[in-house]
Structures are given as structure tokens and as C-alpha cells.
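Heads up: the structure comes next, in C-alpha cells.
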Amino acid sequence: MSGTSTLANPGPRTNLFGRDAELEQLRSALPEANLEHGRLVLVGGEAGIGKSALVEAFTAEARQRGAVVLTGACYDLASAPPYGPWLEISRDWSLGAGRPPLPAFITDPHALEELAGTDALLEEIADFLARAARYAPLVLVLEDLHWADSASLELLRFLARRLATLPVIIVATYRDVDLTPSDPLYRLLPQLVRESRAVRVMPRRLSSRDVEQLVHSRYALRADDEARLVAWLDRFAEGNPFYIEELLYTLEHDRVLRSDREAWELGDLTTVRVPALVRQVIDERLAWLGADALQLVQVAAVIGAEVPVDLWGAVTGADDEALAHAIEAAQRAWLLEEARGRDAFRFRHALIREALYNSFVLPRRRAWHRRVAEALSANPNPNADAVAHHFQQAGDPRAVLWLVKAGERATRNYAWRIAVDRLQAALDLLGQGPEEDLKRALLLYYTGMLARRSDPPDAVRRMEEALRLARSLGLPRLVGLTTADLGLVHCIVGRIADGIDELTEGVRLLDEAGVWTDPSGLAIPEPAAAFAMPSLLPDLRSRAAPLVTWLAVAGRLQEAVEVGQAFVARIPDHSRQVRYQDFYVAYIGLGNALMMLGRPEEARAALDAARAGHVDVAQMPWTYFLTEIAYVSIYRLDHANERNALNQLLQEIWERSTGATARLARGQSPAGSVRLQFLLGNWDVVDDWARSTGVRVGPGVGRLSGLRLTAAIRFHRGAFEQAWETIEEAQRTFDLQRFGNNWLVTVTGIQEIAAELALEQGDLVRAAHWIDLHWSWIEQSGTVIRRAEHAMLLARHAELRGDMAEARRQAAVALERAANPRQPLAVLRAQRLAARYAAGSGQLEEAVARLAVALDLSVACAVPFERALTQVALAECALRKRDMQQFHERVTDARSVAVHLRAEPLLAQIAALERQADAPQRTWSGTPAGLSERELDVLRLVARGMTDAEVAAALFISPRTVSGHLQSIYNKLGISSRTAATAFAYERGLV
1 MSGTSTLANP GPRTNLFGRD AELEQLRSAL PEANLEHGRL VLVGGEAGIG KSALVEAFTA
61 EARQRGAVVL TGACYDLASA PPYGPWLEIS RDWSLGAGRP PLPAFITDPH ALEELAGTDA
121 LLEEIADFLA RAARYAPLVL VLEDLHWADS ASLELLRFLA RRLATLPVII VATYRDVDLT
181 PSDPLYRLLP QLVRESRAVR VMPRRLSSRD VEQLVHSRYA LRADDEARLV AWLDRFAEGN
241 PFYIEELLYT LEHDRVLRSD REAWELGDLT TVRVPALVRQ VIDERLAWLG ADALQLVQVA
301 AVIGAEVPVD LWGAVTGADD EALAHAIEAA QRAWLLEEAR GRDAFRFRHA LIREALYNSF
361 VLPRRRAWHR RVAEALSANP NPNADAVAHH FQQAGDPRAV LWLVKAGERA TRNYAWRIAV
421 DRLQAALDLL GQGPEEDLKR ALLLYYTGML ARRSDPPDAV RRMEEALRLA RSLGLPRLVG
481 LTTADLGLVH CIVGRIADGI DELTEGVRLL DEAGVWTDPS GLAIPEPAAA FAMPSLLPDL
541 RSRAAPLVTW LAVAGRLQEA VEVGQAFVAR IPDHSRQVRY QDFYVAYIGL GNALMMLGRP
601 EEARAALDAA RAGHVDVAQM PWTYFLTEIA YVSIYRLDHA NERNALNQLL QEIWERSTGA
661 TARLARGQSP AGSVRLQFLL GNWDVVDDWA RSTGVRVGPG VGRLSGLRLT AAIRFHRGAF
721 EQAWETIEEA QRTFDLQRFG NNWLVTVTGI QEIAAELALE QGDLVRAAHW IDLHWSWIEQ
781 SGTVIRRAEH AMLLARHAEL RGDMAEARRQ AAVALERAAN PRQPLAVLRA QRLAARYAAG
841 SGQLEEAVAR LAVALDLSVA CAVPFERALT QVALAECALR KRDMQQFHER VTDARSVAVH
901 LRAEPLLAQI AALERQADAP QRTWSGTPAG LSERELDVLR LVARGMTDAE VAAALFISPR
961 TVSGHLQSIY NKLGISSRTA ATAFAYERGL V
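Per our numbering, the sequence shown runs over residues 1 to 991.
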């Protein structure tokens, strides 16, 4: 149809219909901003359902109530910079009385580069918002979150987790029906809802009653005309508010729906041709524009969702008059609206822009993209993402370099995923030939190092291809660097032995290439030199630092010390312009090795040096936190101030972590942290982590630690078969046999659990296998740590064999090893074992004295399970002395811990002691015939007539274990039947 409207431009229609419930949900969030905490509101629905109109109504009310409302949008058909919508929000912030200034890095890129890392950036943003919210209630609106970049989503998640103490309302709109598993928001939504208790608002389609109210409020129609119009809208718009508005506006424009100033009339709707898709309504409306205005508006759609007037004019060459004419025509056609507070216009809806964009034929569209890119790149500080996007859409080869620049910018902004995306896009555009291969090698190296944070197997593939190309190109520095860092990635994915060999070779090649005499860089020839981005490359001299760390991790401790000490002696002076953090990582590995070699003072000094070399401790490698946790757990667990300070630091790091840092924190860094939590008795927390995170984070230490802790918890809770299943899973997944190809501390920990489990079940052959394997790792590594634990395993094995002299000797060895150097937890356990043997030989005073030392240590170390075990041993001594008050006090404390931890074997042991306490008093001393405490428990129950199965259930062990204990009892007593064993028990007053 043709003709012009007699109506003035109606502008946006703000009346809402059928949205009372949704608006009330939004209103409910506002008072919370005055209660010292905020709220995240997620508004989801299909395109055109009225999400933006709903939020606009809410923010209008919020402004009336004194709130400051800041809005940012995400855009399709454009490659936005990292944190795009958040930067747009910042543009709306204006200084005034009491308003804090924006963080410096938002307006000054150099300030951003001075930040210590992702967490420092996010902390500054959170601090700014907290200060801004003190000025007035603060409402942040993020439109079209389904188009958000990953960095923006990570910032949203970080802030959402802070809303418990941050009085800010964040309202985010998104299209739920358009999300696919490949979209970042698809994966993030459940986490946002769970972590922040987000309010979810899902606007429904309008009902016939809602449409009737809308029509009745807007048009004074006769009743029959109103009914016809409502039925027609119901049929063709199907309750979608955007479609309803577009159809009504079309009817008004074509004067089918018209006003005579006093009333409205509705013409014959059967003559109206309604397109099959309402998007075609927009296509038809484009015909209302003249040819010149149409072309200018089409170019605007190429520029982006928001169109700066200056850029529009520069790209098209149109003068101010031509632009004004096009803008007025587009406003009359209800296509464009002014961007509040900026010299720019924006499309009223994404569907409008999409229709305009697609109305250009492809060659013409590409030509305009090229002109936009050239205009943008001519700016003094061009937006590399936008320039790259437009050159990319134009099919222009210049897109490659701009994509690399965009990737480098994303790296500086700590937006790792975006950096990989940009650099991969550059890779996809490269051609063939030596020069292109050199660029390809660099880009593969960059993306490999970035991907190691989130996708280690993909990182390996990229690094291997980069190395192949580097060798073919004959560039020694690039070969050395890629070899070393391929080794680093191999270590991360669990191929530690191979990785160490590659790291060693890479360091050798870099030394031969003269990086210490000329550290200028990779020496890449032109024109590919432009691709050697400084922020994407480490200092070539620093690659021995990760070698030191992984040598220590793998148990090659003396090598780690030798390489580490030689390397740290070469670290340049602080006056030199180097990346100190790359170098100071070596101190972490050096500290780890010295710690395991039993040199705690030197280890402490190395760890302090590592920390001193980093601007922000939160940005230190996760191996630092693992080593700190291990150091405190081994040497300083009985120092509450150090233990508490470490816990506080770990909590702060956890809360500040986001993005890749958070994934490492939840997948790898807390492996040591949850080990500490295990010792402190937080078993349910540890079990949840191990099952939900630790066992699913790939082939690294996180998964191995998850299996170790799961096996330990199952063992102590009496689920012996499940514990074995967990150990067997660890054997299938990791190389627990080959020394040097896995984490020394974690593997020896699993070996100890397996040996203890086999001993508990009386399987001496199986126990011997694990004890021998445990010693082979200790011996090959030269570690001093774990030797006391090994002696205790040998003592238990000798005890079950009936060789009590050897058991006591090994207990004495364990005590000596635990004390040199002093390891509080090992001392505690060795004292308890020695006390057990003293009590068994009738030396109760010695036993009680040793147990008193163990109990004091268990309290000082804050290890409740160890305290409970010690209290049970003291209760048994009290029972032998018939000190029933002491007995009941000890048992009560032990039971409270065992109930909390659900430690069923310990509860069974307590129950057996209580039954013994209730039995008639007998006079006896010592352990008859050298029987162990567990053998005495078995003998008492057998003497009461219990079957093997009943004894197993009572003691929470397997029937096979009961049978093994019985055979040992027969051997020690020189008997061969249950009857004889029962007679012995009654003769000695054991029952």
C-alpha cells in the first residue's frame, strides 16, 4: 500500500497490558537495594515478547523512587569488545555531588595494563559499584544478554555472587528460545540462578483479554469494531506484543485504522494483506522511505545496532541535510530512535536492523563493511574488535592483523576466551606459503597457551602443530619457546614425564639461541613481525621456571633444587624491564622441593620470595597455593594463626576468582585446600567437591586429589568396597606405578590409603604390594616427608603378622622420622601407635602419657577425627584402670565427632568398648598372647557366639577380614577351632 500517515510520529508506546505480575516481580527487588544487599533479575522470553518494555516501565518507576539507572546492551551482527555492555553502562555515569569517579582503567587503557590481573579488575569494579550505591539506589540493565561476550558474562557472574553484600539491582534480558548449548549464556544461566538466587521473570504471550484492554485504552472504537480488531490481532500476532504494535502501526499508516479526531474507525480487514511473517511487515515499511533515505538507513544497519552520526556521515559521505532527512524518515517509519545522551541513533528492535541488513545484496554489503572498517581504523584509538569485524565481513585480508590486535586487547583485558576466539578467526583466514605459515605458527602458539586454561587437550593439538611449523621454518627461538611450552601443556594434561623432557629441551634450545645475552624477543622477520604481540609472549628467559615446578611435582626433588637454585641466581635485577612474575614461579617449585626434602626453613624462604615477586597474590599460579597448603599441613598445622591466615587467604581467593581463574580454583587450586578441609573435619564439603568437581576436571591434580579424598572418606566411613573402586579408578586413569609421571604427594597419599584399607581387611599380601610401591616412590624421590607414614604402615603389617617386636621397632622409627624435621600430624599418629603397643604390653602409664601428647596435638592442629581416635585410645586405657568417669568423658567426645563425620567403623569401635564396660569386671593386664586390639575385638564377639557375618557387621569390617583375624588368632594361640578360641576368651576374662 502507499500513502503517508496523517499522524505525528507516535514514538514509543509505554503502556503495559497483561504484565502486572511480571512488573510486580521486578518491583519486589527495588527495596532490597536499601537493605545492604542486591538482587539479580533475569527477564527471558522470545523476540518481541516485551522484555524491554517491561524493563523500561520498571526503570521509570525506579528513577521516580530516586534510583540511578544505567543501561548497556549487547549486539548481534557485530564483534563487540570485551565487557562491551559494561563499558556502555559506564558511559551513562556522570559525576555529581557525592558520586564517585569511574575506575581509571575504564577511560585510560594504560591504567588497565597496570592492574595485577582479572581479579584486581573485578575488585575495582565491585568497589566502584559499592561506592556508587551509597550515593543512591543503583539499577544496572543489561539488554540482550544472549549476545554477550564471555568476558561480560564472567563479570556478571562475579557481581551476582557479590549481591549478598552489594546493594545493586542487576536486570538482564535475554532470548531464551534462541539459546543453544554452544552459547556462553546457555552454560552460565543455571549457575547464575543457583549462585545468586536470581529472580526469573518470563513474560508470557498476551491473552485475548490483554489485547482487548490494549485496544480499548488506545482507540475509541465501536464495540463491534473493537471485537473485530482484537480477533484479527489474536489471529495474526498470536499474543506477541512487538508484532501487535507493528501491525497496529501498519493499520494506522494505511488508514485502515483511522481517527476523525473524536473517534476511531476500523475499515475492512479482509482487504489487508498480512505477510506470513511479521518481519515482512518491516520489509514493507522500508518502502515508505525514499530511495536515498533507504540506502542511508541500510548503511546504518551495516554500521551496527547503535549508529554514531559522525561515523555514519564519514562512511556514506552524506552531508548533514541528507542525514537529517534520512533520520526523520526512519523515525516516522518507527525504525530508529535517538540514543539517549549520545550523538547516535539506534534501531528500535533487532528484527528491524536485521531486515535492513539483509535487504542489501551481499557484494554491496561487503563494500560498505570495508568502508566502515577503513573509517574506524583511521581513528587515533581504533576499536580493534569493530575494525576486525567489518574487515572480516568485507572479506578483506586486513581482517587477520586486526583480529590479532583484538586478541591481544582481549588478553590485556584478561578475557581469555575472547582472545582465543579472535585469534582462531585470524587463523581461519590465513592463506598458504612460508609467510602465512609463520603467522600460523605464532597464532597456534598463542591460542595453545591461552587454551591451556580451559581446554588442555586442544592446547596440546595447537602447540604440536605450532612446533611442527616452527621447525620447518627454521626459527630457533620460536622452536625453543614452543618446545618448552608444549612441555608445560603436556604436564598440565598429565603427561608429566614427557612434559619435563620437552621443558628441559626447550630451555636448552633457548639458551643456545642466546636469549640471556639478547633477550629482545623471537626475532621474527618482517612482515610477520607485526604478529609477534608482546602481551601474548612470555619473556624467553623465564621458561626454566615452570621446569623447576614440574620437577618438584613429579618427585625429582634434587633436580628441582639444582635447576631452581641455578635459575633464580640468574633472575634479572628489578631495574630491568622484565616480567618478574614469569621468573618468580621458579621459587614455588624450589619451595616445594625443599619442603619435601625436609628443609622447612629454606622452603619458607623460597615461598616468601615467590610471593614477593608478584604484585597481587590472587594472580599467583595455583601451584603456589597448593605448596603453601602442603607446607602448613606438614610443618605448621599446630600453629592456629598460620592455619587461620591461610584459610582466610584461600577464602578471599575463592570469592575473587572468576572466569578461567575460577575454573582453575574450583578444578585444581582447591585440591590442596580441600585436603586441608578434610583434615579439619569438613568431610561433607570435601565429599561434595570431590564428587561434583574434583573427579571431573580432567587429567590434572584436581581429579587425582578428588579420587584420593573420596577413597579416604569412604574408608573412614566403612564403605570399603567403594573405597577400593575409587582406588581402582585412580589406577585406570592415572599412572600410579611409574615414578616421575605423576604428582608425588597425591600418589603416595593414595598408596597409603590402599595399604591401610588392605591392612584393615587383613589382606597382608595386598597390603605388602602397596607398602612396597609406597617405599619405591619415597626412595626414588628422596623425600623425607611420608617416611614416618611408611614406618607406621610397616608396623601395622608386622602387628598383623604377629611380629610385635618388629611392630614396636617400626613405631619407634616412625616417631623419630616424624620428629626430624618436626611434622605435627605425623608425630600425633606415631605417638598414638606407640601408645597402642605400650598399652598392649601392659605399660598403661606410658600409653597414657603418649596419648596425652597426641591429644594436645590433635587440639592444636584442629583435626577432630584424629582427636576422636585418640580419645577412643584413652577411653580404652581408662576402662582398663576402671576410671569410668574418664572413660565416659572420652567416649562422649569421640562419639560426637564420629556421628558428625558418619565414621561408622569408629562408632562400631566405641560401641564395642561400651559393651565391654557394661560387662562384669575382670582383672587382667597386657594383651594376651600378643593379640592386636582388633583381634581382641573379634575374639570377644566370637566367644559370644557370633558368626563371621555378625562379627563383620558389628565391627564394620568384611567377613573375609574376620576370617583373616581368626586365622591370626589361631596361629598366635596355637589352636585350631572357634571352640578353643571361646574357651581362651572366658579363661582370660575377655567376656
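Note that CB positions come from ideal geometry on N, CA and C, so glycine has one too.
Counting only the same chain and skipping the five closest in sequence on each side, list residues whose C-beta sits under 6 Å from that of residue i.
{"i": "GLU212", "result": "VAL230"}
{"i": "GLY555", "result": "LEU744 and SER781"}
{"i": "THR14", "result": "Because the pLDDT at THR14 is just 47, under 50, the model does not fix this residue reliably, and the value given afterwards should be weighed accordingly. If we look at THR14 and ignore the five residues flanking it on each side, it has no Cβ neighbours."}
{"i": "THR623", "result": "THR549 and ILE588"}
{"i": "VAL171", "result": "VAL41, VAL55 and VAL141"}
{"i": "ASP538", "result": "A quick correction: the sequence has Pro, not Asp, at residue 538. Taken in chain order, the residues that qualify are ASP582."}
{"i": "ALA593", "result": "ALA552, LEU557, ALA560 and VAL561"}
{"i": "GLU799", "result": "ALA807 and SER932"}
Can you list, in chain order, the residues of its chain whose CB lies under 7 Å from that of residue i, leaving out five sequence neighbours each side?
{"i": "VAL685", "result": "GLN677"}
{"i": "MET202", "result": "GLY44 and GLY45"}
{"i": "SER196", "result": "LEU40, ALA160, ARG161 and LEU163"}
{"i": "TRP402", "result": "ALA384, VAL387, ALA388 and PHE391"}
{"i": "ALA826", "result": "ALA788, GLU789 and ALA818"}
{"i": "ALA470", "result": "ALA441, LEU478, VAL479 and THR482"}
{"i": "ARG228", "result": "LEU266 and LEU269"}
Pull up the CB-CB distance for residue i and residue j, whole angstroms please, since I reckon it's below 8 Å.
{"i": "VAL553", "j": "ILE496", "result": "7 Å"}
{"i": "ILE1005", "j": "ALA690", "result": "The question about residue 1005 has no answer here: the residues shown for the chain are numbered 1 through 991."}
{"i": "ALA344", "j": "VAL309", "result": "6 Å"}
{"i": "GLN298", "j": "LEU356", "result": "5 Å"}
{"i": "LEU941", "j": "LEU990", "result": "With a Cβ gap of about 10 Å, LEU941 and LEU990 do not count as contacting."}
{"i": "LEU294", "j": "ALA322", "result": "Not quite, the Cβ-Cβ distance comes to about 12 Å (not below 8 Å), so this is no contact."}
{"i": "LEU844", "j": "ARG832", "result": "15 Å between Cβ atoms; not a contact."}
Mark residue i as exposed unless 16 or more other C-beta atoms lie within 10 angstroms of its C-beta, in which case mark it buried.
{"i": "ARG576", "result": "With a pLDDT of 38 at ARG576, under the threshold of 50, the modelled position of that residue is not reliable, and no figure is offered here."}
{"i": "TRP777", "result": "buried"}
{"i": "THR180", "result": "exposed"}
{"i": "PRO241", "result": "buried"}
{"i": "GLN668", "result": "Low confidence applies to GLN668: its pLDDT is 38, below 50, so where it sits in the model is not reliable enough to give any reading."}
{"i": "GLY317", "result": "exposed"}
{"i": "TYR986", "result": "exposed"}
{"i": "VAL674", "result": "buried"}
{"i": "VAL747", "result": "buried"}
{"i": "LEU362", "result": "exposed"}
Below 8 Å CB to CB, which residues in the same chain sit around residue i once its five sequence neighbours on both sides are set aside?
{"i": "ILE352", "result": "ILE282 and LEU335"}
{"i": "ALA908", "result": "GLY718, ALA954, LEU955 and PHE956"}
{"i": "MET595", "result": "ALA603, THR627, ALA630, TYR631, ILE634, TYR635 and ILE785"}
{"i": "VAL68", "result": "ALA132, TYR135, ALA136, PRO137, LEU138 and VAL139"}
{"i": "GLN761", "result": "PHE720, ILE957, SER958, ARG960, THR961 and GLY964"}
Just curious, the alpha helix (DSSP H) that residue i is in, first and last residue?
{"i": "ALA459", "result": "456 to 473"}
{"i": "ILE492", "result": "476 to 492"}
{"i": "PHE17", "result": "Segment: none, PHE17 is in no alpha helix (DSSP H) and carries neither H nor E."}
{"i": "ARG880", "result": "864 to 881"}
{"i": "PHE887", "result": "884 to 901"}
{"i": "GLU628", "result": "622 to 635"}
{"i": "PRO397", "result": "That residue, PRO397, is in no alpha helix (DSSP H); it is neither H nor E in DSSP."}
{"i": "PRO905", "result": "904 to 918"}
{"i": "VAL942", "result": "933 to 943"}
Looking at residue i and the ligand HEM, is the gap between the Cβ and the nearest heavy atom below 7 Å?
{"i": "VAL686", "result": "Looking for the ligand HEM in the displayed structure turns up nothing, as the structure carries no ligands at all."}
At what residues does the beta strand (DSSP E) containing residue i begin and finish?
{"i": "LEU138", "result": "138 to 143"}
{"i": "ILE49", "result": "It is not in any beta strand (DSSP E) - ILE49 carries neither H nor E in the DSSP assignment."}
{"i": "TYR174", "result": "168 to 174"}
{"i": "GLU337", "result": "336 to 338"}
{"i": "PRO538", "result": "First-last for PRO538: undefined, no H or E at that position."}
{"i": "LEU200", "result": "The displayed chain sequence assigns Arg, not Leu, to residue 200. 199 to 201 is the span of the beta strand (DSSP E), which, as asked, contains ARG200."}
Inside the region 714 to 754 only - alpha helix (DSSP H) runs reaching at least 4 residues: Look at the region 714 to 754 and you find these whole runs of alpha helix (DSSP H), each 4 residues long or longer: 720 to 733.
Which whole runs of the alpha helix (DSSP H) in the region 777 to 847 are 4 residues long or more, in chain order? 787 to 801, 804 to 819 and 824 to 840
Residue ranges of each beta strand (DSSP E) run of no fewer than 3 residues wholly in the region 218 to 302, ordered along the chain? 257 to 259 and 264 to 266
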